[in-house]
Structure formats: C-alpha cells, structure tokens
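Right, one structure below, let's go through it.
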Amino acid sequence: MILFALIFISLCTAKDTLSVELQFAAFEKKFGKTYVGEEERRFRMSVFSNNLKIVDYYNSKQSSFVLGITPFIDLSNDEFRERFASNTAFEKKAKSVESSSSQQTSQDYSSLPRSIDWRAKNTVSSVKDQKNCGACWAFAAVASIEGVYAQKTGKILDFSPQQLVDCDYSSLGCSGGLMTYAYEYVMNNGISLESDYPYKASQGSCKKVDFVTSIMGYYEVPVGSTYELLKATTKNPVSVAIGADSIFFQLYTSGILAEELCGTTLNHGVLLVGYELDTATPFLIVKNSWGASWGEKGYIRLALSDSYAGTCGINLMASYPFLSL
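Using mature numbering (1 follows the signal peptide of the UniProt record, and there is no 0), the letters of the sequence shown map in sequence onto residues -19 to -1, 1 to 306.
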C-alpha cells in the first residue's frame, strides 16, 4: 500500500513537472524568450513555476481580476521591480503616503459624466513597449500630448519618446524622469514624430530633427482628490504616476485590480484614458507601456477609490498639457 502511494506521488510529480515544462516552452515561443545557456533556462523555468503557483492561488479565489502568463512571469518580483518599476525621479519627488491612503473621503461625482473612454474618441494611439528602459515617464508624457493634439487636429500621431529620453536633460533617460519635466522640454523644443526619431530603448546623444508640434504649458491636477482626477479626465487623457511594482501588476491579465493590491510609492508613469462609474465596481482605465501582450491588450483597470492617494497612488501626481489656441 505504501509502495503504491509512493508510485502515485511520483507519477503526479512527474506529470506536474511535464506540465510546467510544456507551459514554459509555450511561453518561450509566444514571447520570443532566449536564455544564455541551459542553466539560465532552468533557473527561469523555476521562477516561472513559482509564479504559476501564485497565479493559480489567486485565480482560485474568484477575485475581480485574473492573473496569468505575462511577458514577466519568468522574473522574480524583485527583478521585475528593478527593471520596470523603479523610477528614481518619482521616488525623489513623492514620498510614500501609505498612511494617508486609508483615509476615506466622501466625494460627489454626480456632476461628472458617468463614463469616459478616450479610446472611443480617436485620441489614443496604439500601445507601446518601453522594453528594458525606464522611460515610462516619456511614454506617458508623449501619450498625453498625442491626446490633446488629436483633439485639436482630429489626427492621431505617434510622437517620439526617444527624443525625450535623449534630449530632456532634466530627467534621467532610462533611469527615470517626470512627465512635467518632459512637458517643459516640449514647451521649449517641440516634439517630433516617432518615425523621425525612433525608439531605441537606450539613451543616446540628442539629435536635431524637425518637430511637429509644441505645447503652451501644462496643468497639474490637485493632489489627493479622485473627483479632481476624474474631472481632468473628462477634458483629455491624463498622465499619472502610480505604484506598479506589485506581483499583481507583474502577472495581471484582466479584470479590475483592487486598491489594497498595490502600494502608493510612485514608481511608474502611465496614461489615464477613462473611467466607468455605473458598474458594480467603478474603475479607471489606464494605458501602460509594457506592450500589448500584457494586461488587457496593454491596458489595466483599477478600482476607483475615494482615498487620498487613490488606487496605486494615482491621485498623487497627475498632469496634462495644453496646446496653443
């Protein structure tokens, strides 16, 4: 009887190992993953297996969100945080407000439209991929400029994050920056097309190219108010800083991420493109810059919160540009 049990356990373990190996091979193929040697590959498969257990655990709870196999599932959370959510400029400007994030305030949204989605208004360009370069701030700033430009001209153009990475010396290139610094650069120098100044995912020397548009200035949304953030979003897409270093961001594939699943230490820049109030769980719609194979085709929905910081600290550092009249 004991021998039978041992054989059964051995077979189950072998089956589980084979399942992980097959899933990992499919993951490698889907995302074009390559590793330096078999030892590195085995290590990544071990990390992949551990993260799969996290995926299975939370998905079994039937939460409002779904985790899954993302491009980052072969990274530990520490590695993910270092590569994709470590904007040092945000860290310097804004301290964590974890203690404030639990302070609930009553906010009246009755004067606001019940829903906004700038994607449906032809003002949001395609999802981009910043890759292994901490240029989220540049992508968020460019995306917001694209939004106001599209509103004014009726044209969606792809502007150049690389120009900001190379030329905005107030920021730190692939080591981080601020959307407001980017706006100030564009005010003085203009912004060129992505096709004229393509993205390289690394910082290089600043090149002189023709610019398409400039901005007159920018508006910083009052800190700590979900109402003010939504009000700003009714005007145009808004660049925001969030805390995106949790395992839930790393493995997110769909659904609405709850406030308690991310911190408010700001480390990543994204674009707020809309919200929905008339639903069981009101939510914000956020465009990321981790490629269209992450999340909901490159987007994530965050639960709406009345707390001072907002979900993932989204109420703490929001801004948008405006063009000349």
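Glycine included, C-beta positions come from ideal geometry on N, C-alpha and C.
For the candidate residues the options, whose alpha-carbon lies nearest to that of residue i?
i	options	result
residue 155	173, 182, 283 and 161	182
residue 1	18, 28, 11 and 97	28
residue 367	26, 238 and 258	One cannot answer for residue 367 here, as it falls past the ends of the chain, which runs -19 to 306.
residue 230	31, 146, 293 and 215	293
residue 126	184, 90 and 168	168
residue 257	108, 99 and 60	99
residue 238	264, 213 and 254	264
residue 282	67, 11 and 255	255
residue 195	122, 262, 246 and 212	122
residue 220	66, 208, 118 and 34	118
residue 228	242, 8, 235 and 222	242
residue 116	304, 280, 270 and 305	270
residue 214	224, 202, 68 and 70	202
residue 207	253, 40 and 5	253
residue 359	225, 114 and 145	The chain is shown only over -19 to 306; residue 359 falls outside these bounds and no answer can be derived.
residue 233	259, 275, 216 and 226	275
residue 178	147, 199 and 204	147
residue 319	235, 9, 216 and 46	Nothing about residue 319 can be read from this structure; the chain reaches only from -19 to 306.
residue 266	248, 226, 59 and 235	235
residue 204	223, 166 and 52	223
residue 199	6, 47 and 165	165
residue 44	120, 262, 67 and 21	262
residue 305	197, 216 and 240	197
residue 48	111, 67 and 35	35
residue 70	273, 247 and 272	247
residue 291	240, 61 and 273	240
residue 211	187, 97 and 280	97
Assign residue i to one of two classes, buried (16 or more other C-beta atoms within 10 Å of its C-beta) or exposed (fewer than that).
i	result
residue 56	buried
residue 218	buried
residue 250	buried
residue 17	exposed
residue 149	buried
residue 268	buried
residue 38	exposed
residue 94	exposed
residue 278	exposed
residue 23	exposed
residue 78	Residue placement at residue 78 is poorly supported in this model, since its pLDDT is 43, which falls under 50; the coordinates still yield a value, given next. Under this definition residue 78 is a buried residue.
residue 3	exposed
residue 107	exposed
residue 92	exposed
residue 307	Any question about residue 307 goes unanswered here, given that the chain covers just -19 to 306.
residue 185	exposed
residue 302	buried
residue 31	exposed
residue 11	exposed
residue 245	buried
residue 113	exposed
residue 63	exposed
residue 152	buried
residue 157	buried
residue 20	exposed
residue 226	buried
Could you please give me the residues that DSSP links to residue i through a beta bridge?
i	result
residue 284	264
residue 255	98 and 266
residue 89	DSSP lists no partner for residue 89.
residue 301	200
residue 223	249
residue 194	172
residue 271	110
residue 237	282
residue 12	Its beta-bridge partners do not exist; DSSP assigns none.
residue 21	BP columns for residue 21 are empty, so no partner.
residue 47	235
residue 277	280
Ordered list of beta strand (DSSP E) runs contained in the region 114 to 168, each at least 3 residues: Within the region 114 to 168, complete beta strand (DSSP E) segments of at least 3 residues are not found at all.
Three CB pairs or more closer than 8 Å across the region 120 to 138 and the region 283 to 296: The region 120 to 138 vs the region 283 to 296: no contact.
Validate contact between the region 295 to 305 and the region 157 to 165 using beta carbons, cut 8 Å, 3 pairs: Contact holds: three or more Cβ-Cβ distances are below 8 Å.
The region 124 to 131 / the region 92 to 109 touching (three or more Cβ pairs under 8 Å): Counting Cβ pairs under 8 Å, three or more are found: they touch.
Touch test, the region 138 to 147 against the region 165 to 182, Cβ-Cβ under 8 Å, three pairs minimum: In short, these stretches touch, since the Cβ pair count reaches three.
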